[in-house]
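For reference, the structure is listed below as structure tokens.
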Amino acid sequence: MSLPLRVSTVTQRANDAAALEPPPALRPYLDAIPDGLLLIDGRGRVVLASGPVASLIGHPGAAVEAARLRTLLRAFARAATDRRREQAGRLRSALARREAAAFELSHAARRLTVAMHPAEGGGWSVTVSDVSVRRAAEARAEELARLDPLTELPNRLLLREHLDEALARLRRAGEGCALLLVDLDRFKPVNDTLGHPVGDALLVKVAERLRSAVRASDTVARIGGDEFVILQTNVANPAETQALARRLVDLIGRTYMVDGHLLTIGASVGVALAPADGQDADRLLKNADLALYRAKLDGRGLFRFFEPEMDARMQARRQLELDMRQALARREFQLHYQPQLNLETDQLTGCEALIRWRHPERGMVSPAEFIPLAEEIGLIVPIGEWVMRQACRDAAGWPAPLTVAVNVSPAQFKSDRLVEMIVSALATSGLPAARLEVEITEGVLLQESGRTLQTLHRLRDLGVRVSMDDFGTGYSSLSYLRSFPFDKIKIDRSFVSDLVSKPDGEAIIRAIAGLGKSLGMTTVAEGVETAEQMHRIRAEGCTDVQGYLISRPVPAEDLAALLAQHRARPTPSRPGARP
């Protein structure tokens, strides 16, 4: 009974295998499919092999047809050049458990995927695909994802990988490394004046110079618009990094020729060393950034190494920022007013509004400490609006025609609603526009001069007076006097302090006073502190003065008494006064 059954079973399997062989007419279609197809019966024999299989695995077609599954797959495993032992183990497991499995291997300079699926009756279907082109494209895409598209330098992602590798070597073998953060100085004006194509071309040239300054084992990366990072490896002595930082500052600061333009920029560099300044990537990057911030504060075009106290200063700065953000809501800001005196009449003509910050724990915080920070983080706009509104409210209670002068920052001039805000402040307070004076510095006129001049003319049309503060300290002050007819120019206190110590001090003040008179502008000398300074300023023709000799800045509630006291005192005699 068993023998006929065995013969019958074998015969049946043979018939099944024969049934799997496709009609000859279908063979060209199967062979036209790029992926190779293998059908294997329950005894492990190949009963169908499409033409591409032979070329993909480098096996003659007849040999494939005659092969058994284990023999064929062992040939794949032997041909694989990567993870051979792992592939063989997965193959054995899949065959034993009759589970679907997929393998990827390198074979004959090709990248192949072999997918196996169990079939009923103990057989298998196997597909063989050539994924060489796709894997090459994926590898290229992955490479490009780690490169900056403009300069083809490593980007932040690849830098982080290289940094992690360097820190692993540090832990394993004690090999030190250094991070140098490079931020370009004066790059933004190139973009703004010559356009982004020129700016991009300049960045490419900067990248080339950075590459030329480092060793092959170092990494140069671009992590932002004009920010670069250099990872210096195998650092045995900080002097090596110092020499590189000095070389970078010098190299980037040399003149560039870009599209017919001669361009000069600079670089500030912050340096952190491993392991001294940190042994993990985040801390090193943070400390290098703190050193870079210090280099900028110290004047740019410099390099600075990280020092522990930098972190403490930054923490204090962050706390100051948090306190300042709450100061407006808590009404901790207040205005003090410093009077201005007319030298012809010896009468007070108005006051300049000066902001003060009375912190509940810090006490009185100097404007020199918090105003630059407010400008840096953008808080100067809401603070400046509060100053304008409060100054108009206070001045509305002063006796006419006393004026109030309010400084307006460059950041406020960038706002589209500056004029509307001033109109609102005047309307709410009831202060006539002619009693408000807006003071600007040259920094306002340096940016978007056409738009700025338009804003100044709108203010003039409202009846608001406009004065230029710190006159003489900028390189274009005279040209600005031609572009806009200021009502007043304020001579910087540095010239007043030079009256006694420098022989040309009087000549400079005389020239500015004469210029103001010829243009019909009031001239105010700031920082007058002594009677001798007052005497000389009178002699040189200034129309007004402001300084401690007249009065220190006083709170708004004390100003009324100061005004009354000044009106009650007798008019002092002066050279050239009428009897």
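Read left to right, the sequence shown gives residues 239 to 817 (this note's numbering).
Ideal Cβ placement from N, Cα and C applies to all residues, glycine included.
Self-check item: When A379, P356, A769 are compared against S331, the one with the closest alpha-carbon
Solution: Taking the first residue of the sequence shown as 1, we reach residue 331 at position 93. Considering only alpha carbons, the answer is P356.
Quiz item: Under the three-state reduction of DSSP, which class applies to W595: helix, strand or coil?
Solution: Numbered from 1 along the sequence shown, position 357 holds the residue referred to as residue 595. When DSSP states are grouped into helix, strand and coil, W595 belongs to the strand group.
Practice problem: Return yes when the Cβ of H804 is within less than 9 Å of the Cβ of L573, no when it is not. | Solution: The sequence position of residue 573 within the sequence shown is 335, counting from 1. The sequence position of residue 804 within the sequence shown is 566, counting from 1. Going by C-beta atoms, L573 is not nearer than 9 Å to H804.
Quiz item: To which residues of the same chain is A300 closer than 6 Å at the C-beta, ignoring the five residues directly before and after it?
Solution: Counted from its first residue, the sequence shown places residue 300 at position 62. Reliability fails at A300, whose pLDDT of 44 lies under 50, so the model's placement of it is uncertain and no value is given.
Self-check item: Pair within 9 Å by beta-carbon distance, V762 and M772
Solution: By 1-based counting over the sequence shown, the position of residue 762 is 524. By 1-based counting over the sequence shown, the position of residue 772 is 534. Not closer than 9 Å, so no.
Quiz prompt | When E478, S370, I727, R336 are compared against L350, the one with the closest alpha-carbon | solution = As a first step, residue 350 is located in the sequence shown; it is residue number 112 there, counting from the start. Looking at the Cα atoms, S370 is the closest of the given residues.
Exercise. Measure the C-alpha to C-alpha separation of P476 and A514 and round it to an integer number of angstroms.
Key: In the sequence shown, the residue the question calls residue 476 occupies position 238. In the sequence shown, the residue the question calls residue 514 occupies position 276. Cα to Cα, the separation comes out at about 10 Å.
Quiz item: If A665 sits next to V644, beta carbons under 8 Å apart, how far is it from one beta carbon to the other, in whole angstroms?
Solution: Taking the sequence shown and counting its residues from 1, the one referred to as residue 665 is at position 427. Taking the sequence shown and counting its residues from 1, the one referred to as residue 644 is at position 406. Wrong, their Cβ atoms sit about 16 Å apart, outside the cutoff.
Quiz item: If you draw a straight line from the C-alpha of R594 to the C-alpha of L500, how long is it?
Solution: Locating residue 594 in the sequence shown gives position 356, counting from the first residue. Locating residue 500 in the sequence shown gives position 262, counting from the first residue. Approximately 45 Å, taken between the alpha carbons.
Quiz item: Does DSSP put G299 in a helix, in a strand, or in coil?
Solution: The residue you call residue 299 lines up with position 61 of the sequence shown. In this predicted model, G299 has a pLDDT of only 46, less than 50, meaning its place in the structure is not dependable; the value taken from the coordinates is given anyway. Helix, per DSSP.
Self-check item: 7 Å Cβ shell around R596 - same chain, five flanking residues per side excluded
Solution: On the sequence shown, residue 596 is found 358 positions in, with the first residue counted as 1. Excluding sequence neighbours, R596 sits near E570, Q572, M602.
Quiz prompt | A554 to G758 span [Cα, whole Å] | solution = Within the sequence shown, residue 554 is the residue found at index 316, counting from 1. Within the sequence shown, residue 758 is the residue found at index 520, counting from 1. Using only the alpha carbons, I get a separation of about 48 Å.
Practice problem: Please say whether L691 and V676 have beta carbons closer to each other than 9 Å? | Solution: Taking the sequence shown and counting its residues from 1, one reaches residue 676 at position 438. Taking the sequence shown and counting its residues from 1, one reaches residue 691 at position 453. Taking 9 Å as the Cβ cut-off, V676 and L691 do not qualify as a contacting pair.
Quiz prompt | Beta-carbon proximity check, A529 vs L419, cutoff 9 Å | solution = As a working note, residue 529 is residue 291 in the sequence shown. As a working note, residue 419 is residue 181 in the sequence shown. A contact, by the Cβ cut-off of 9 Å.
Quiz item: Around the C-beta of A751, are 16 or more other C-beta atoms found within 10 angstroms, so that it is buried, or is it exposed?
Solution: Here residue 751 refers to the residue found at position 513 when the sequence shown is read from its first residue. Flag for A751 reads buried.
Quiz prompt | beta strand (DSSP E) segments (min. 3 residues) lying fully within the region 644 to 709 | solution = Within the region 644 to 709, the complete beta strand (DSSP E) runs of at least 3 residues are 674 to 678, 703 to 709.
Self-check item: Exposed unless 16 or more other CB atoms sit within 10 angstroms - verdict on P290
Solution: Along the sequence shown, one-based indexing puts residue 290 at 52. Taking a 10 Å sphere around the C-beta of P290, we find 16 or more other C-beta atoms and assign the residue as buried.
Quiz prompt | Reduced DSSP category for W636 - H, G, I as helix; E, B as strand; rest coil | solution = To locate residue 636, count along the sequence shown from 1; it is residue 398. W636 falls in the coil class under three-state DSSP.
Exercise. Quick one: measure Cβ to Cβ for D730 and E764, integer angstroms, because I've assumed they're closer than 8 Å.
Key: Within the sequence shown, numbered from 1, the residue matching residue 730 stands at position 492. Within the sequence shown, numbered from 1, the residue matching residue 764 stands at position 526. That pair is a contact at about 6 Å.
Quiz item: Span of the beta strand (DSSP E) holding M495?
Solution: Locating residue 495 in the sequence shown gives position 257, counting from the first residue. DSSP places M495 inside the beta strand (DSSP E), whose first and last residues are 494 to 496.
Practice problem: May I have the straight-line CA-CA distance separating A304 from R409, to the nearest angstrom? | Solution: Translated into the one-based positions of the sequence shown, residue 304 becomes position 66. Translated into the one-based positions of the sequence shown, residue 409 becomes position 171. At A304, the pLDDT of 46 sits below 50, so the modelled position is not reliable and the matter cannot be decided from this model.
Quiz item: Would you report the Cα separation of A533 and A404, rounded to the nearest angstrom?
Solution: For the purposes of this step, residue 533 is taken as residue 295 along the sequence shown, with counting starting at 1. For the purposes of this step, residue 404 is taken as residue 166 along the sequence shown, with counting starting at 1. The straight-line gap from Cα to Cα measures roughly 25 Å.
Self-check item: Beta-carbon proximity of T768 to S705, cut-off 9 Å
Solution: Position 530 of the sequence shown, counted from the first residue, corresponds to residue 768. Position 467 of the sequence shown, counted from the first residue, corresponds to residue 705. No; because the gap between Cβ atoms is not below 9 Å, this pair is not in contact.
Quiz item: How would you label A252, buried or exposed, when you count the other beta carbons within 10 angstroms and need 16 or more for buried?
Solution: To locate residue 252, count along the sequence shown from 1; it is residue 14. Reliability fails at A252, whose pLDDT of 43 lies under 50, so the model's placement of it is uncertain and the value that follows must be treated cautiously. Around the beta carbon of A252, fewer than 16 other beta carbons sit within 10 angstroms, so the residue counts as exposed.
Quiz item: By Cβ distance, which residues of its chain are closer than 7 Å to D527, with the 5 residues on each side in sequence left out?
Solution: Translated into positions along the sequence shown, residue 527 becomes position 289. Excluding positions up to five away in sequence, the list reads L419, G508.
Quiz item: Considering only residues of the region 519 to 605, which uninterrupted beta strand (DSSP E) runs meet the minimum length of 3 residues and lie entirely inside it, listed in chain order?
Solution: As for any beta strand (DSSP E) of minimum length 3 sitting wholly inside the region 519 to 605, the runs are 541 to 543, 571 to 580, 585 to 597, 601 to 603, ordered along the chain.
Quiz item: Which term fits A794, buried or exposed, when burial requires 16 or more other beta carbons within 10 angstroms of its beta carbon?
Solution: In the sequence shown, residue 794 corresponds to position 556, counting from 1. Around the C-beta of A794, 16 or more other C-beta atoms lie within 10 Å, and the residue is accordingly described as buried.
Quiz item: What is the rounded straight-line gap between the Cα of G785 and the Cα of D561?
Solution: Numbered from 1 along the sequence shown, position 547 holds the residue referred to as residue 785. Numbered from 1 along the sequence shown, position 323 holds the residue referred to as residue 561. Here the alpha carbons of D561 and G785 stand approximately 30 Å from one another.
Quiz prompt | DSSP three-state assignment for V452, whether helix, strand or coil | solution = Here residue 452 refers to the residue found at position 214 of the sequence shown. Coil.
Exercise. Report yes if the C-beta distance between R348 and D368 is below 9 Å; otherwise report no.
Key: Position 110 of the sequence shown holds residue 348. Position 130 of the sequence shown holds residue 368. The answer is yes: Cβ separation under 9 Å.
Self-check item: Cβ distance (whole Å) where T471 is taken to contact C415 below 8 Å
Solution: Position 233 of the sequence shown, counted from the first residue, corresponds to residue 471. Position 177 of the sequence shown, counted from the first residue, corresponds to residue 415. With a contact defined as Cβ atoms closer than 8 Å, T471 and C415 qualify at about 5 Å.
Quiz item: Cβ of V442 within 9 Å of Cβ of L388?
Solution: Along the sequence shown, one-based indexing puts residue 442 at 204. Along the sequence shown, one-based indexing puts residue 388 at 150. Taking 9 Å as the Cβ cut-off, V442 and L388 qualify as a contacting pair.
Self-check item: Rounded separation between A634 and S662 - CA only
Solution: Residue mapping note: residue 634 aligns to position 396 of the sequence shown, counting from 1. Residue mapping note: residue 662 aligns to position 424 of the sequence shown, counting from 1. Taking the straight line from one Cα to the other gives about 14 Å.
Practice problem: With a floor of 3 residues, list each beta strand (DSSP E) that falls wholly inside the region 413 to 482, ordered by position along the chain. | Solution: Annotation: the region 413 to 482 contains the following complete segments of the beta strand (DSSP E) (minimum length 3 residues), in chain order: 415 to 423, 457 to 460, 465 to 470.
Practice problem: Take D402 and list the residues in its own chain whose beta-carbon comes closer than 7 Å to its own, dropping the five residues that flank it on each side. | Solution: Translated into the one-based positions of the sequence shown, residue 402 becomes position 164. For D402, where only same-chain residues beyond five positions count, the Cβ hits under 7 Å are A519.
Quiz item: For Q771, which three-state DSSP category applies?
Solution: Here residue 771 refers to the residue found at position 533 of the sequence shown. Helix, per DSSP.
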